[in-house]
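In UniProt numbering, the protein residues as written are 1 to 137.
Right, one structure below, let's go through it.
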């Protein structure tokens, strides 16, 4: 079964292509094994703080999952083009022991299509806005 919408904008993986090409199946499988029993924020934060995984690899894991499943489910309509650079910044903060414990790093969030996020499409479910890219959060 093909799931297709007339005005669908395909996901843009271009900011991530090089990183995804270098993302090994071994890393994917290792992270999948670590997360298999528990995807909770506390578990993921613990894995990151104890250096079992890094934020960038976690983001690549989820990007890979989206690549594998989204053509059918269509749950994700847009990807944050700054995702990997933001993950890298958090990894650097962790390495410098300069991480704010209140941060929700490791928490993967999907933002509903009617909430504005800078540089991302927001159609709010309306054809009139189907190619509308936000300038601000």
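Every residue, glycine too, gets a C-beta built ideally from N, C-alpha and C.
Fair warning: this is a prediction, and the values are worked out from it, not measured in the lab.
Is residue 55 buried or exposed, if buried means 16 or more other CB atoms sit within 10 Å of its CB? buried
Give the DSSP-derived three-state secondary structure of residue 73 in the structure shown. Here residue 73 carries a helix assignment [DSSP, helix/strand/coil].
Which residue marks the beginning of the alpha helix (DSSP H) containing residue 78, and which one marks its end? Looking at the DSSP string, residue 78 is not in any alpha helix (DSSP H), and its letter there is neither H nor E.
Considering only C-alpha positions, which residue in the set 73, 70, 50 and 119 is nearest to residue 83? 119
By how many angstroms is the C-alpha of residue 28 removed from the C-alpha of residue 49? 19 Å
Span separating the alpha-carbon of residue 92 from that of residue 21: 22 Å
Quick one: residues in its chain with C-beta nearer than 7 Å to the C-beta of residue 23, no 5 flanking neighbours on either side, listed in chain order? Cβ within range, chain order: 60 and 64.
If we call anything under 8 Å between Cβ atoms a contact, is residue 53 one with residue 31? yes
Whole angstroms are fine: how far does the CA of residue 85 sit from the CA of residue 19? 11 Å
Quick one: give me the first and last residue of the alpha helix (DSSP H) that residue 87 is part of. Residue 87 -> alpha helix (DSSP H) spans 83-95.
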